[in-house]
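**Student:** Pasting a structure below so you can have a look.
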Amino acid sequence: MRPALLLPLLLVSSRATAQLTIGSSGGLSAVDLTQPSRLAAFEGRLRWERGRVNLIATGAHEHLGRIGAIASVSAAASVIARRGGWQLTAGPAIRTAAGVGGKSGTSLAAAIDTEVHFGFLGAGVGAKAGASAGHGLRSANWSERNGRISADLGPVGLFSNFTVTTVGGTALRSLFLFDLEAPRDSGTPVRRLRKFQDVSIAARWRRPRVELAVEAGRRSGFGVVPVLWWRNRVGIRLTSTAEVVLKNERLAADLLLGMEGRQKSTVGLEFAIPNRPRSTEHARAPFEAVRLNQRRVHVILSLPPAKRASITGDPTGWSPLELSLRIDGRWEAWFDIDPGTYRLNVSLDGGRWIAPPGMPVLADGFGGLVGLVVL
């Protein structure tokens, strides 16, 4: 396996909130109907928010030994409106890809999505409509509808998703991705309508140093071969901004861009570079608490640099509870408690218990101080 090279890191400078993640990995990959090949990859993700405007962009380049290379870029801009537990998102999106054998495709779409949370449960529905075009004189109009539900159980998250895609347009009969039943020796453009659905379930488990995410789904429908697909990811955090990532994926064919399905196993290194606000007006509060329902509370703390952190107090029965490190460098925990005033203390790297920064304090009766907070 030829190792992939780590490229220099580029910091994002903006008054808005930004998160840049870049990574390099190597492994084995097999495009449909080919033998496994050595894989060297580089990818990046950028999330930028300012007020109600949100931008997400991703890009990846994968070199598959002698087979060729696969490159892809996607970007979506949206305006977000929130009220109570509801969130509405709408905006344009673009995707483009180039694969082995000279294949390429581009897709433009408009998307709208709404989501609501009831305590630890969430649900959402969305719709997209767009057009695709690419190599082989292929063009298609398409629409997509999806529904999903989720459960946030602290360090464990559960998700399910159902997506229906309808593709209608013009395709060469020889393009098997759109016309499986058509003769291969016919090159006459024809009108075709394809409708397929993806059903998937996923789970995520997070600890301060390890994150595990698994997802499995099945694609079926009219004019496509039923296929099982999956995505498994293990992240082992080295620092607050770097982690080792192991992936095993079986990706279904991208019918809108004309890219074949493939399977790959990789190991690599990722860096997450958070934007640092340049003015105090954008600085985060040292302690944040969000009550998800009558019993469950999500707390986020900004603490001095540490490899691990624990919290104790009235919500935990004064038993130490290990905090989870977030991608933005802060720490988080979930409590099942009624509304009220509670005492809290934290410990960094197994050190002495101290009051959390930015929290009112009072004497603990043992010569120390304890934080006081209303949850």
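With my numbering as the guide, the letters of the sequence shown map in order to residues 826 to 1200.
Note that the Cβ used here is the ideal one computed from N, Cα and C, for glycine as well.
Would you call the segment 1083-1098 and the segment 1171-1188 touching, i.e. three or more CB-CB distances under 8 angstroms?
**Tutor:** no
**Student:** Starting from the Cα of residue 914, find the closest Cα among 950, 890, 974 and give me that residue.
**Tutor:** 950
**Student:** Helix or strand or just coil, what does DSSP make of residue 883?
**Tutor:** It is a strand residue.
**Student:** Could you check what DSSP says for residue 1139 in three-state terms: helix, strand or coil?
**Tutor:** helix
**Student:** Which same chain residues end up closer than 7 angstroms to residue 955 when comparing Cβ atoms and leaving out the 5 residues on each side of it in sequence?
**Tutor:** 932, 933, 934, 935, 967
**Student:** Compute the Euclidean distance between the alpha carbons of residue 1097 and residue 1059, then round it to the nearest angstrom.
**Tutor:** 16 angstroms
**Student:** Return the residue from the list 854, 844, 846, 1149 that minimises the CA-CA distance to residue 1075.
**Tutor:** Nearest of 854, 844, 846, 1149 to residue 1075, Cα basis: 854.
**Student:** Nearest to residue 1160 by CA position, among 1138, 1049, 1151, is which residue?
**Tutor:** 1138
**Student:** Tell me which same chain residues have a C-beta within less than 6 angstroms of the C-beta of residue 879, skipping the five on either side of it?
**Tutor:** 903, 905
**Student:** Less than 6 angstroms between C-beta atoms, sequence neighbours within five positions excluded: which residues of the same chain meet that for residue 1029?
**Tutor:** 982, 1038
**Student:** Suppose you measure from the CA of residue 825 to the CA of residue 1019; what does that come to, to the nearest Å?
**Tutor:** Residue 825 lies beyond the residue range present for the chain, which begins at 826 and ends at 1200; the question has no answer from this structure.
**Student:** Using the Cα positions of residue 977 and residue 946, report the straight-line distance between them to the nearest angstrom.
**Tutor:** 6 angstroms
**Student:** Return the residue from the list 1062, 1069, 1112 that minimises the CA-CA distance to residue 1132.
**Tutor:** Selected option, being the one with the closest Cα: 1062.
**Student:** With a 10 Å radius around its C-beta and 16 neighbouring C-beta atoms as the bar for buried, classify residue 887 as buried or exposed.
**Tutor:** buried
**Student:** Quick one: is residue 1036 buried, meaning 16 or more other Cβ sit within 10 Å of its Cβ, or exposed?
**Tutor:** buried
**Student:** Could you have a look at residue 1092 and say whether DSSP puts it in helix, strand or coil?
**Tutor:** strand
**Student:** Pull up the distance between the alpha-carbon of residue 964 and that of residue 877, whole angstroms please.
**Tutor:** 34 angstroms
**Student:** Residues in the same chain with beta-carbon distance under 7 angstroms from residue 1087, minus the five sequence neighbours each way, listed in chain order, please.
**Tutor:** Cβ within range, chain order: 854, 855, 856, 857, 1076.
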